[in-house]
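Working notes for the structure below.
Number of protein chains: 2
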Amino acid sequence: MLRAMPNNTPKPPVISDVARRAGVSVPTVSRVLNGAAYVSEEKRSKVMKAIEELDFRPSAAARALVARQPKLIAVIAGNTSRYGYAETIRGIEESARGAGYTVSITVVESAEDEIVARAVSLVLDQPLAGVVVLKFDPPGVAALHRIPKSIPTVSISGVREVGVPQAVLAEADAAAEVVDYLLGLGHETVQHVRVPPSRKEDGRTTGWRRALVAHGARVPVPVDAGWEPESGREIGRALAADPAVTAVFCGNDEIAMGVIRGLTEAGKSVPGDVSVVGFDDHPLARMWTPPLTTVDQDFAGLGSRAYGLLETLIAGGKPKKFSSERPTVIIRESTAPPPA
Amino acid sequence: MLRAMPNNTPKPPVISDVARRAGVSVPTVSRVLNGAAYVSEEKRSKVMKAIEELDFRPSAAARALVARQPKLIAVIAGNTSRYGYAETIRGIEESARGAGYTVSITVVESAEDEIVARAVSLVLDQPLAGVVVLKFDPPGVAALHRIPKSIPTVSISGVREVGVPQAVLAEADAAAEVVDYLLGLGHETVQHVRVPPSRKEDGRTTGWRRALVAHGARVPVPVDAGWEPESGREIGRALAADPAVTAVFCGNDEIAMGVIRGLTEAGKSVPGDVSVVGFDDHPLARMWTPPLTTVDQDFAGLGSRAYGLLETLIAGGKPKKFSSERPTVIIRESTAPPPA
DNA sequence: TTGAAAGCGCTAACAA
DNA sequence: TTGTTAGCGCTTTCAA
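As C-alpha cells, then:
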C-alpha cells in the first residue's frame with residue numbers, strides 16, 4: 001500500500017511566492033491568472049515573468065475548493081477496452097475535452113454489492129461535475145443505483161428506460177431490421193447468439209424476437225455466448241450440427257467472427273450454407289472472410305450525445321429524457337439466401 | 001459552451017451541516033470520517049447517523065487542499081480505443097483502483113503545439129497525484145515534454161529511453177525473434193509494414209532491421225501503413241505484385257489482417273505463397289483465417305507496471321528507471337516456408 | 001487599478 | 001474525549 005510519505009520532489013511554488021517575487025499582492029496575481037479585471041500592463045508583465053521563472057501552476061485543489069464548478073466528469077462502466085465501450089468512452093472524452101472537462105473512468109468489475117459500492121465510492125471521492133454510467137451490463141446497472149441524486153447523472157443504454165436522462169442507440173429496431181432482411185432472403189427463421197445481457201433481455205434480443213413473431217416465424221431458443229470470440233467459435237461448431245439453422249444473428253461482431261470460424265471449421269460454408277450477421281460494425285468486420293453483414297453503431301456519437309445531455313444537466317437545464325438514434329444495417333457478404 | 005449557471009440540484013451538504021445535525025463540532029465529524037483519534041461511541045453513532053441522513057460526502061477538493069495527497073492519476077495518450085492503448089489503460093486503471101486511485105484519461109489529438117498545450121493544461125487543472133504518459137505516438141511524446149517536473153510522472157513505451165521512469169515492452173527483441181524465425185523457415189528476407197511510429201523508428205522496426213542485418217539478409221524499404229486495417233489491405237494488394245516478397249512482418253495485428261486480406265484478394269495464398277506475421281496478439285488474431293502468427297504483448301501488465309512505478313514515485317521513493325518485459329512470439333498458421 | 005480581508009470545506013495542533 | 005483556533009492556496013468581495 002501507499003504510505004503518506006513526504007514527497008522527494010521540491011515543494012511547488014504557490015501563488016504567494018509569485019506575488020512576492022513580482023512585488024504585487026496575491027489577488028493581483030490571481031487576476032492575471034484569470035485574465036479577468038484590470039491589471040496594469042506593468043504589473044501584468046512582472047507577474048507573468050515571475051510565473052515563468054518559478055514555473056508556477058495554480059493548485060487545482062485550491063481552485064476546485066473555491067466556488068468553481070469541478071471540471072471532472074466520471075464515467076462508470078463494466079469494461080473499458082472492448083470495442084463498443086472503448087468507442088463510447090472516446091466519444092464522451094472528446095466532447096468533454098472540447099468543453100474543458102477531464103473525464104475519469106472507473107470500472108465496476110461485477111454487480112456484486114461490495115464491488116459496486118467500492119467503485120462508486122471511489123468515483124464520488126473526486127470533485128465531480130457529473131457522471132455518465134454505461135448501462136451495457138449488470139455492473140453498470142447496479143452502479144447507477146448507487147449514484148446519489150444530487151449529482152448530475154446520465155446513462156447510456158441500448159434500450160429506453162425510465163430514470164436519469166439517457167443516450168440510447170435503438171438496438172431493437174435495428175435487430176428487427178436484420179431479421180426482416182434475413183427472412184426476406186428466404187430463411188425460415190433466424191437463430192440468435194447473444195452476448196451477456198445487461199438485464200433480462202437486451203434490445204438486440206427483443207428486436208429479433210419481435211420481428212420473428214411479426215413474421216409468424218418459429219422463435220428458436222437464443223444461445224448465450226460470452227464476450228470472447230472464442231465462445232462464438234464453440235457455438236459455431238455446435239450450430240453446424242443442426243441442419244435447421246441457416247441464418248444466425250449474433251450479439252456482436254466478435255462473436256459473429258467466432259461463430260463463422262466455428263461453422264467453417266465444422267465444414268459449413270458462410271454464407272453458402274449459413275448466413276451470419278454481427279452487430280457493431282467493428283473495424284475488422286469488413287476485413288473478415290467473408291466481409292461481415294452487421295449493424296453500424298455510432299458509439300462515439302452515442303458518447304457524445306450523453307455528454308450533451310450531461311452538459312445541460314450541469315448547467316442547470318432540463319435535458320430531454322432521451323437522446324435516441326437508430327443504428328444502420330450494413331449488408332456485406334456473410335449473408336445470402338438459404339441453400340436450396 | 002457551458003455557462004457557469006447555478007445548478008438546479010440542491011447544494012450538497014458539507015461537514016458543518018453534519019456537525020450541526022449531530023450536535024458536535026466539525027473536527028469531531030472529521031475524526032469519525034478519518035477513523036482516527038478517540039471519539040465516544042455515542043457521538044460517533046450520532047455522526048454516522050447524520051452522515052447517512054444527509055448523504056454527506058467529504059469534498060475531495062477540500063481534502064486535497066489540506067495536505068492529503070489527491071487520489072487522481074491522469075493518463076495522457078494519443079488514443080484510447082485502439083487495442084493496445086485500451087488494454088494498457090485497463091491495466092493502469094485496474095491497479096490504480098486497487099490502491100484507491102481514480103484515473104482520468106485525456107487524449108492528445110496531434111503533436112501540434114497548441115493541441116498538446118491545451119490537453120496538458122486540462123490535465124494539470126485537476127488535483128493530481130501523478131501522471132502516466134503513453135509514449136506510443138508523437139502526441140504522447142510531445143505531451144510528456146510539457147509535464148512539469150514537479151509532478152510524479154512515468155511513461156510507457158516500446159523502447160527504453162532516458163527521462164522519467166518507464167514501463168517498457170521490449171518490442172525490438174521480439175521483432176528480431178520474429179525475423180529469426182521467418183529466416184529460419186527459409187525466407188530470403190522479410191518485408192516490413194509499419195504502423196505510424198512514435199519517433200524516427202519504433203522498436204519493432206529496429207528489431208526487424210537488426211535481425212536482418214545480423215543474418216546478412218537484404219533489408220527492404222519498410223512500407224508505412226496507417227492505423228486502419230484498410231490501409232493494410234491496400235498494401236497487401238500492392239505487395240502481391242512483387243514476387244520477391246514471401247514473408248511480411250506487420251506492425252500490428254489489424255494491419256496484418258488487412259494485409260492478408262489484400263494478398264488474398266490479389267490471388268495469393270497465405271501462408272502458401274507468403275507468410276504474414278502480426279504484432280500484439282489481438283483477441284481476433286486466433287480467429288482469423290488463417291490464425292495469425294503474432295507477438296503477444298501484455299499491455300494490461302504493462303499498464304500495471306507503470307502504475308507500480310508511479311506509486312513508488314508518489315510515495316516519495318525512487319523507482320527503477322525501467323520496468324521492462326519481453327513479449328512472446330506466438331506461432332500459429334499464417335507462416336510457413338516459402339514456396340518452392 | 002490595487003490591496004486587505006474574508007472564506008471555500010476540511011484537517012491538524014492545541015487546549016481544555 | 002472534545003472543542004477552539006489556525007491555516008491549506010486560491011478567488012472574491014469591498015474599499016481605497
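Residue numbers (full-length UniProt numbering), protein chains in the order written: chain F, 1 to 340; chain G, 1 to 340. C-beta: ideal position from N, C-alpha, C; glycine also. Because the structure is a prediction, the values reported are computed rather than measured.
Proximity below 9 Å, CB of residue 172 (chain F) to CB of residue 194 (chain F):
no
Per DSSP, what kind of secondary structure is residue 162 (chain F) in: helix, strand or coil?
coil
Three CB pairs or more closer than 8 Å across the stretch 56-66 of chain G and the stretch 114-132 of chain F:
yes
Confirm, please, whether the CB-CB distance from residue 270 (chain G) to residue 191 (chain G) is below 9 Å.
no
Report the residue from F:147, F:274 and F:34 whose alpha carbon sits nearest the alpha carbon of residue 385 (chain F).
A question about residue 385 (chain F) goes unanswered here, because the residues of chain F that appear run from 1 up to 340.
Which partner residues of residue 187 (chain F) appear in the DSSP bridge assignment?
Residue 187 (chain F) pairs with nothing; no bridge assigned.
First and last residue of the alpha helix (DSSP H) that includes residue 322 (chain F)?
Counting along the chain, residue 322 (chain F) falls outside any alpha helix (DSSP H), though it belongs to the beta strand (DSSP E) covering 322-325.
Secondary structure of residue 167 (chain F), DSSP reduced to three states:
strand
With a threshold of 9 Å between beta-carbons, can residue 333 (chain F) be considered close to chain G, or not?
no
Just tell me which of F:321, F:311 and F:327 has its CA closest to the CA of residue 69 (chain F).
F:311
Min CB distance residue 301 (chain G) to chain F below 9 Å:
no
Label residue 328 (chain F) either buried or exposed according to how many other C-beta atoms from any shown protein chain fall within 10 Å of its C-beta, with 16 as the threshold for buried.
exposed
Residue 166 (chain F) and residue 150 (chain F) look like a contact to me (Cβ under 8 Å); what is the Cβ gap, rounded to whole Å?
With 8 Å as the limit, residue 166 (chain F) and residue 150 (chain F) do not qualify as a contact, their Cβ atoms being about 19 Å apart.
Helix, strand or coil: how does DSSP classify residue 249 (chain G) here?
strand
With 16 as the cutoff for other CB atoms within 10 Å, does residue 79 (chain G) come out buried or exposed?
buried
Any 3 or more C-beta pairs closer than 8 Å across the stretch 40-48 of chain F and the stretch 35-49 of chain G
no
Chain G contacts from the stretch 143-168 of chain F (Cβ-Cβ distance under 9 Å):
148, 149, 150, 151 and 152
Decide if residue 268 (chain G) is buried, meaning its Cβ has at least 16 other Cβ atoms within 10 Å, or exposed.
buried
For residue 239 (chain G), I'd like the list of residues in its chain whose CB is within less than 6 Å of its CB, leaving aside the five on either flank, ordered along the chain.
245
Cutoff 6 Å; reference residue 9 (chain G); Cβ partners in own chain excluding five residues on either side
Note that residue 9 (chain G) scores 48 on pLDDT, short of 50, meaning its location in the model is unreliable and no value can be drawn from it.
With 16 as the cutoff for other CB atoms within 10 Å, does residue 223 (chain F) come out buried or exposed?
buried
So is residue 237 (chain F) in contact with chain G if we call contact Cβ pairs under 9 Å?
no
Tell me, please, whether the stretch 251-263 of chain F touches the stretch 289-303 of chain F by the rule of three or more beta-carbon pairs shorter than 8 Å.
yes
Report the three-state DSSP secondary structure of residue 95 (chain G) (helix, strand or coil).
helix
Looking at chain F, which residues of the stretch 111-139 of chain G have a Cβ within less than 8 Å of any of its Cβ atoms?
119, 122, 123, 124, 125, 126, 127 and 128
Taking only the alpha-carbon atoms, compute the straight-line gap between residue 188 (chain G) and residue 220 (chain G) and give it to the nearest angstrom.
11 Å
Segment limits, beta strand (DSSP E) that includes residue 106 (chain G):
102-107
Let's see if you can read the secondary structure: which residues bound the alpha helix (DSSP H) around residue 115 (chain F)?
113-124
Using only alpha-carbon positions, find the residue among F:117, F:225 and F:179 that is nearest to residue 215 (chain F).
F:179
Rounded straight-line distance, which links the Cα of residue 227 (chain G) to that of residue 230 (chain F)
25 Å
If residue 132 (chain F) sits next to residue 75 (chain F), beta carbons under 8 Å apart, how far is it from one beta carbon to the other, in whole angstroms?
5 Å
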